[in-house]
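Numbering (the working numbering), first residue to last: 3 to 293.
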């Protein structure tokens, strides 16, 4: 059983967290909607994550909706003192599970209170404002209005720290002129490398970058070079993809998700992999070919 107590750490708000955490999205039902098939299995994954040293869990009340946060509360409350729970707001679900933007001041206020209630917290450690100008990915446009509304909730003491999700570099710059931004959560992995320059900029300023879909999301990463490096290390391709991200930049925090204890242990074991310079060269070339 692999513990991650020796894993590098990085600043996230007022905390330092281990760079390998856990994303709770898959604890909901299919399509991140409705209840899981096996609630007991979902509870077991969360408890095992904590037992193995995870101190950073990523969630949202629009997972389910409400269900994932309720499972987190049932599994872990009262929470360990060193656990940082990061949530996100800015979207809602329709009756069929579709994703809709929800970042009016009223919607953001409701979302913060929903997260507080379902997680049973008095204040949220970190709230990521997910920008939903498009469900396909980041789209340029001012984020001043919704971010100002979230900053007001922070001033009220309901939110400790603010991050951004699904944003462009220009929006990150705009956001940092409005309030302190402690993390950026965007789509990034071995193949999807559009944020390379942004990661470097954030690293220089001590701001965390948290990739979602670090293993490809609904389309898992596939590459012969990735498979070859994995075989040479007696590891899985997904473990290598996580290890590459850990080496890619010290400000990257990982939140791979799973609903399986076995898969959780496999993901966390990626912290033990050591990638040679030759392996990094081969893996870096995958991203170059994809762009």
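C-beta: ideal position from N, C-alpha, C; glycine also.
Exercise for review: Note the first and the last residue of the continuous alpha helix (DSSP H) segment covering residue 117.
Suggested key: 107-121
Point to revise | Exposure of residue 274, with buried meaning 16 or more beta-carbon neighbours within 10 Å | key: exposed
Point to revise | Within 8 angstroms, strictly: CB atoms of residue 59 and residue 29 | key: no
**Study point:** Range covered by the alpha helix (DSSP H) that runs through residue 155
**Key:** 146-157
Check your understanding: Do the segment 41-59 and the segment 161-174 meet, that is, are 3 or more Cβ pairs less than 8 angstroms apart?
Key -> no
Point to revise | Span separating the alpha-carbon of residue 55 from that of residue 87 | key: 14 angstroms
Practice item. Kindly list the residues whose CB is nearer than 6 angstroms to the CB of residue 161, restricted to its own chain and excluding five residues on each side of it in sequence; keep chain order. Key: 126, 129 and 155
Check your understanding: When the Cα atoms are used, what is the spatial distance from residue 61 to residue 74?
Key -> 9 angstroms
Check your understanding: Just to confirm, does residue 172 get its C-beta within under 7 angstroms of one of the non-hydrogen atoms of the ligand SAH?
Key -> In terms of ligand content, the structure shown is empty, and the ligand SAH therefore cannot be addressed.
Review point. How many Å lie between residue 293 and residue 254 at the Cα?
Key: Interpretation of residue 293 is limited by its pLDDT of 38, a score under 50 that renders its predicted location unreliable; no figure is taken from the coordinates.
Review point. From the DSSP output, which residues share a beta bridge with residue 188?
Key: 213
Exercise for review: Taking only the alpha-carbon atoms, compute the straight-line gap between residue 77 and residue 247 and give it to the nearest angstrom.
Suggested key: 29 angstroms
**Study point:** Sequence-distant residues of the same chain with beta carbon closer than 7 angstroms to residue 107, five excluded per side
**Key:** 151
Exercise for review: Whole angstroms is fine: what's the gap from residue 182's alpha carbon to residue 233's?
Suggested key: 43 angstroms
Point to revise | Separation of residue 93 from residue 120, as counted between CA atoms | key: 17 angstroms
Review point. What alpha helix (DSSP H) runs, 4 residues minimum, are completely inside the segment 234-272?
Key: 239-250 and 263-270
Check your understanding: Which residues does DSSP pair with residue 278 in a beta bridge?
Key -> Residue 278 is not bridged to any residue.
Review point. Among all the DSSP beta bridges, which residues are the ones paired with residue 167?
Key: 132 and 187
Review point. If you drop the 5 nearest sequence neighbours on each side, which residues of the same chain put their C-beta closer than 8 angstroms to that of residue 204?
Key: 174, 186, 210, 211 and 253
Review point. If you count every other CB in all the chains shown that lies within 10 Å of the CB of residue 132, and 16 or more means buried, which is it?
Key: buried
Point to revise | Three-way DSSP call (helix, strand, coil) for residue 60 in this model | key: strand
Practice item. Would you list the one or two residues that DSSP bridges to residue 13? Key: 18
Check your understanding: From what residue to what residue does the beta strand (DSSP E) around residue 88 run?
Key -> 86-91
Practice item. Leaving aside the five residues before and after residue 170 along the sequence, list all residues of the same chain whose C-beta is less than 8 angstroms from its C-beta, in chain order. Key: 140, 141 and 142
Point to revise | Cutoff 8 angstroms; reference residue 266; Cβ partners in own chain excluding five residues on either side | key: 24, 47, 50, 51, 54 and 260
**Study point:** Pairwise C-alpha distance: residue 13 and residue 276
**Key:** 23 angstroms
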